[in-house]
Amino acid sequence: ASLYLLATPTLVLLGVGASFAIPPIRDEIENVSMLNPGVHGFSEVLYAFTSAANNNGSAFAGLTANTGWLDAALAVAMLLGRFVPIVLVLALAGSLAAQGTLPTTAGTLPTHRPQFVGLLIGVSIIFTALTYFPVLALGPLAEGLS
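In the UniProt record's numbering, the protein residues as written are 1 to 146.
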């Protein structure tokens, strides 16, 4: 289950990180692809990878994604974003199907009560915030504060 939750954010963060960490690729993106410099340009690349990894494929109007690196990287992000979660869910289903049932004890957390729903929603929100906050601080939040 953990790998499933980490698959898409990992694809997004690796794609954006590689785009700006490798100097020749960064130069290509900054000089050819991004029409808006600075943090808005970073947000454009972030949105492109987020959209591709979630199999949407849209981008901001200021990003020209028709370069060798972005074509290949966004295609890989879209391909892996589609099939890696499917494989991980099937592996999880196979693992759960192979397990036997256990009797309910005093330490069992009931999944039909509001406590479980609250914990599930809370952990999901906290996990998502901790995953994306550093990148959001570099892009949209920095743009809003400047």
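Note that beta-carbon positions come from the ideal geometry of N, C-alpha and C, so glycine has one too.
| Check | Outcome |
| --- | --- |
| Buried/exposed call for Ile86, threshold 16 Cβ in 10 Å | exposed |
| Per-residue DSSP class, three states only, for Leu102 | coil |
| Complete alpha helix (DSSP H) runs within the region 67-123 (minimum length 4 residues, chain order) | 68-98 |
| Neighbourhood of Gly81 by C-beta distance below 7 angstroms, restricted to the same chain and skipping five residues each side | Thr8, Leu11, Ala52, Ala53, Asn54 and Asn55 |
| Run of the alpha helix (DSSP H) containing Ala21, from where it starts to where it stops | Ser2 to Ala21 |
| Beta-bridge pairing of Leu63 - partner residues as DSSP gives them | Met34 |
| Validate contact between the region 33-41 and the region 63-71 using beta carbons, cut 8 angstroms, 3 pairs | yes |
| Beta-carbon proximity check, Ala77 vs Phe49, cutoff 9 angstroms | yes |
| Rounded separation between Leu130 and Gln115 - CA only | 22 angstroms |
| Assigned secondary structure, Ser58 (DSSP; H/G/I helix, E/B strand, else coil) | coil |
| Inter-residue Cα distance where the pair is Phe133 and Thr101 | 39 angstroms |
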